[in-house]
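Take a look at the structure below.
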Amino acid sequence: DLNPNYVESLSAMANIRMNQGRFADASALCDKGLAITPNYGGLVWIRSVCLFQLKNYEESAKTFENFLTYAPNDAQTYLNLGVCYIQLHRKDDAVAAWKKAYQLNPNNTIALAYLKSQGVVLK
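Residue numbers for the sequence shown follow our numbering, so the first one is 1 and each next one is one higher.
Dropping the structure here:
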């Protein structure tokens, strides 16, 4: 049984649920943990990914944006954020996110492919 106030257990269970493909369950565990400890970065990340997998791109984008306060130089977050923005028809924001991901990691072929898909050619 989980201690309902032990955020680390909620985070671990949320991660397990996410890896099982039980994204709604994982997101609910994240919400519970974040209600206790709103700034727990691991739960913010898991929630972001789960919302993304559930195709809730608007909430996912907000949560990825929030996660950037914990990891401002995380290229993967910018990649995911860009995909959310594309799904929300926010092309300029998506391109900016992918440019940031590429800037953080110039070897990132995914960021480069995403940018090229939007007609952006980098020097």
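From the three backbone atoms N, C-alpha and C, an ideal C-beta is built for every residue, glycine too.
{"Asked": "How is the alpha helix (DSSP H) around Asn66 delimited, first residue to last?", "Found": "57-67"}
{"Asked": "Which residues mark the beginning and the end of the alpha helix (DSSP H) in which Tyr114 is found?", "Found": "109-117"}
{"Asked": "Considering only their Cβ atoms, is the gap separating Met13 from Cys50 smaller than 8 Å?", "Found": "no"}
{"Asked": "Inspect the beta-carbon positions of Asn73 and Leu104 and report whether they are closer than 8 Å.", "Found": "yes"}
{"Asked": "Tell me whether the beta-carbon of Val7 lies closer than 8 Å to the beta-carbon of Ile46.", "Found": "no"}
{"Asked": "Out of Asn66, Lys55, Phe52, which one is the CA nearest neighbour of Leu34?", "Found": "Asn66"}
{"Asked": "Please name the residue, chosen from Ser11, Asn39, Cys30, that lies closest to Tyr70 on a Cα-to-Cα basis.", "Found": "Asn39"}
{"Asked": "Identify which residue in Ala97, Ala96, Gly82 has its Cα closest to the Cα of Phe52.", "Found": "Gly82"}
{"Asked": "Roughly how far, in whole angstroms, is the beta-carbon of Leu88 from the beta-carbon of Tyr57, given that I think they are within contact range, below 8 Å?", "Found": "5 Å"}
{"Asked": "Do Leu79 and Trp98 come within 8 Å of each other at the CB atom, strictly closer than that value?", "Found": "yes"}
{"Asked": "Can you tell me whether Leu88 is helix, strand or coil according to DSSP?", "Found": "coil"}
{"Asked": "Tell whether a beta-carbon distance below 8 Å holds between Ala111 and Tyr102.", "Found": "yes"}
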